[in-house]
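If you're matching them up, the sequences are chains A and B in order.
Under this note's numbering, think of the first position of the first sequence as 33, with each following residue one higher.
Under this note's numbering, think of the first position of the second sequence as 33, with each following residue one higher.
One structure is given below, encoded as structure tokens.
Protein chains: 2
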Amino acid sequence: MVRTMLIEAAARLLGEEGPAALTSRRLAAEIGSSTMAVFSRFKNMAEVRRAVRQEAFARLDERLDELPVSDDPVADLAAAGAVFNAFGLASPHLYRAMFLDPPAEEDGLGAGTFDRLVTLIRRCIAAGRFPDAPESQVPVWAAQLWSMRHGLVVMTVAELLPDEQARFVLDDMTFRLLVGYGDDPVRARRSIEQGNRVAAAAESIANGEPDEVRRSRKRAPG
Amino acid sequence: MVRTMLIEAAARLLGEEGPAALTSRRLAAEIGSSTMAVFSRFKNMAEVRRAVRQEAFARLDERLDELPVSDDPVADLAAAGAVFNAFGLASPHLYRAMFLDPPAEEDGLGAGTFDRLVTLIRRCIAAGRFPDAPESQVPVWAAQLWSMRHGLVVMTVAELLPDEQARFVLDDMTFRLLVGYGDDPVRARRSIEQGNRVAAAAESIANGEPDEVRRSRKRAPG
DNA sequence: ACTGATATATAACGATGGTATGGTACCCCG
DNA sequence: CGGGGTACCATACCATCGTTATATATCAGT
């Protein structure tokens with residue numbers, strides 16, 4: 033299908049060369065056609081960019097859905113956060129397009145991703161990790177975790193914060209928030225570490241690394 | 033000075049009509065001149081936008097510096113956060129330009145604002161509100177508070193989060209982080225409320241509201 | 001093979017960022 | 001008061017952008 037070819041080419045252009053590279057002519061040339069191939073399928077370039085964002089959200093959701101569901105929901109929550117973070121840092125242009133470029137009009141494109149976060153929090157509450165948490169707190173905490181990660185990724189991408197600090201800042205902030213939500217500090221710390229491990233493993237799989245690489249990473253090198 | 037006229041016109045165009053309105057011809061027409069008036073003073077439009085961002089940071093810093101220094105540094109910190117938040121919501125296009133538009137290259141334009149945050153945190157530690165806080169934690173916490181607010185403003189501006197929730201989410205997250213940093217919950221809550229009052233008063237002054245609106249809360253401790 | 005429809009290439013339009021050219025107005029100095 | 005240099009700016013121009021009109025090629029169904 034030409035349409036999917038266009039979307040994939042557009043995502044690649046945007047992801048690898050930035051928004052300036054995503055022009056109608058360039059995109060048409062990328063699939064060996066003329067601009068009409070673009071405009072006969074999309075009303076305008078804005079719609080192309082929207083399709084790319086939709087594709088990017090689908091990829092992020094896919095990554096999140098690949099994460100295993102364990103019996104430690106807080107670790108699952110932390111893993112989702114790490115995946116979110118890694119996604120943003122690995123594809124800054126795409127991340128930018130997903131969360132920063134969209135015009136003021138709400139198009140509800142990130143709603144599914146937000147819902148996944150809500151579900152993760154609900155599981156934490158159901159498991160008794162956040163005692164005394166009323167249902168009304170769920171969307172509030174989801175927004176907190178989301179904006180915390182979002183802000184951190186944006187700061188890192190904008191180079192307001194060195195990359196090596198970002199991970200530590202994220203973990204520390206996550207820890208303090210989880211404790212603030214009522215989780216036990218020791219369990220929270222352990223869940224965050226476990227979540228990071230799971231996310232790193234999922235990242236390896238997503239990147240198609242061979243099994244030996246993943247296995248050797250878990251063992252002591254040697 | 034024509035240059036300042038251009039910067040102010042550019043800031044107004046960007047702030048009121050968005051980035052699409054900030055074109056060389058439009059900007060030239062705005063000061064009753066031609067595009068050469070722009071390009072003889074700025075290398076290109078990117079430099080114009082940079083100057084606008086610089087101007088916007090200066091305005092934000094000005095707002096922050098107008099805040100009184102009280103004997104409750106945590107309240108001062110909360111007030112700065114509220115001012116930051118209000119600034120972003122009041123001028124979404126400017127906010128966007130300041131933190132989201134800048135290309136990947138670091139230009140250190142927000143460094144001064146970040147330093148103000150660091151100073152506020154240091155005062156909290158000096159006042160004993162965050163016991164057992166090593167110096168190394170200061171930039172980490174500054175990044176946490178910054179990214180927390182940043183993410184929240186971005187989410188609000190992008191309408192991923194309803195405006196009315198944003199304030200509550202911010203206060204709640206600030207509270208939990210402050211407690212996580214070691215502050216006493218009761219004092220933290222009080223400081224946040226006090227900070228919000230101070231910020232609202234400063235906002236009134238900045239907006240040129242009559243004295244009686246703010247005289248009631250002018251009671252500085254000490 | 002012919003007809004009709006569909007998709008595409010070509011080329012054009014208006015607007016953009018940016019530049020070259022040339023004139024003008026101003027200011028400093030005699 | 002006047003002359004000359006300089007800084008500024010209006011105009012016109014270029015390449016490129018998004019987008020569209022028109023002509024052409026391709027393909028399906030008889």
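Even glycine gets a Cβ: it sits at the ideal position worked out from N, Cα and C.
Keep in mind the model is a prediction, meaning the values are calculated, not measured.
Pick from the options that is closest to residue i, judged by C-alpha positions
| i | options | result |
| --- | --- | --- |
| G47(A) | A233(A), V84(A), L184(A) | V84(A) |
| Q176(A) | T206(B), R155(B), V106(B) | T206(B) |
| A190(B) | A112(B), L132(B), A88(B), V150(B) | L132(B) |
| R199(B) | A231(B), S168(B), V170(B), V150(B) | A231(B) |
| E87(A) | N76(A), P100(A), L38(A) | L38(A) |
| A129(B) | D203(B), P217(B), A43(B) | A43(B) |
| A114(B) | M68(B), S66(B), G50(B), V201(B) | V201(B) |
| D203(A) | R73(A), Q226(A), G214(A) | Q226(A) |
| L141(B) | N239(A), D104(A), L192(A) | L192(A) |
| L54(A) | A165(A), G64(A), S65(A), A41(A) | A41(A) |
| F162(B) | L109(B), P194(B), V80(B) | L109(B) |
| D216(B) | M68(A), A112(A), R82(A), G212(A) | G212(A) |
| R95(A) | G120(A), P124(A), K75(A), M180(A) | G120(A) |
| A90(B) | R73(B), Y127(B), A60(B) | Y127(B) |
| S168(A) | Q197(B), D97(B), L45(B) | Q197(B) |
| R181(B) | A238(B), R219(B), L209(B), A233(B) | L209(B) |
| I237(B) | D164(B), L99(B), W178(B), A143(B) | L99(B) |
| T36(B) | P51(B), G50(B), F74(B) | F74(B) |
| M33(B) | G160(B), P194(B), S56(B), V70(B) | V70(B) |
| R219(A) | A78(A), D104(A), L45(A), S72(A) | D104(A) |
| D139(A) | R81(A), V150(A), R155(A) | R81(A) |
| F146(B) | P166(B), E62(B), M68(B), V170(B) | V170(B) |
| A61(A) | P166(A), L45(A), N76(A), P51(A) | L45(A) |
| D93(B) | A165(B), A143(B), G240(B) | A143(B) |
| A234(A) | D97(A), G160(A), P166(A), T151(A) | D97(A) |
| V172(A) | V150(A), E49(A), M77(A) | V150(A) |
| E79(A) | S56(A), C156(A), A159(A) | S56(A) |
| M77(A) | R155(A), S65(A), L59(A) | L59(A) |
Expected contact under 8 Å - CB spacing of residue i and residue j to nearest Å
| i | j | result |
| --- | --- | --- |
| I153(A) | A122(A) | The pair is not a contact, with the Cβ atoms about 25 Å apart (cut-off 8 Å). |
| F228(A) | V185(A) | The question names Phe, but residue 228(A) is Asn in the sequence shown. About 16 Å separates the two Cβ atoms, so there is no contact after all. |
| S223(A) | V106(A) | 4 Å |
| P112(B) | R148(B) | Here residue 112(B) is Ala; the residue named in the question, Pro, does not match the sequence. Going by Cβ atoms, the distance from A112(B) to R148(B) rounds to 7 Å, so yes, they are a contact pair. |
| S179(A) | M187(B) | 5 Å |
| P51(B) | H125(B) | 7 Å |
| G214(B) | D164(B) | 6 Å |
| G183(A) | G183(B) | 3 Å |
Bounding residues of the alpha helix (DSSP H) (the contiguous stretch that carries residue i)
| i | result |
| --- | --- |
| F207(A) | 195-213 |
| L184(B) | 169-189 |
| G227(A) | 217-238 |
TODO: Residues of the region 172-188 of chain A with a CB closer than 8 Å to any CB of chain B: list them in chain order, please.
DONE: V172, A175, Q176, W178, S179, M180, R181, H182, G183, L184, V186, M187
Open item on the list: Ignoring anything shorter than 3 residues, give me the beta strand (DSSP E) runs that lie fully in the region 41-118 of chain A, in order along the chain.
Closed with: none
TODO: Please name the residues in the region 199-215 of chain B whose beta-carbon is closer than 8 Å to at least one beta-carbon of chain A, in chain order.
DONE: F200, V201, D204, M205, F207, R208, L209, V211, G212, Y213
Task: Interfacial residues, the region 142-166 of chain A to chain B, with Cβ spacing under 8 Å - done: G142, F146
TODO: May I ask you to list, following chain order, the residues of the region 92-126 of chain A that have a beta carbon less than 7 Å from some beta carbon of chain B?
DONE: none
Task: Whole beta strand (DSSP E) elements within the region 120-152 of chain B, 3-residue minimum - done: The DSSP assignment places no complete run of the beta strand (DSSP E) inside the region 120-152 of chain B (cut-off: 3 residues).
Task: Members of the region 59-92 of chain A near chain B, C-beta cut-off 7 Å - done: none
Open item on the list: For the region 42-53 of chain B, list every residue whose C-beta sits within 7 Å of some C-beta in chain A, in sequence order.
Closed with: So nothing in the stretch comes that close.
Task: Residues in the region 219-244 of chain B having any Cβ partner in chain A nearer than 9 Å - done: none
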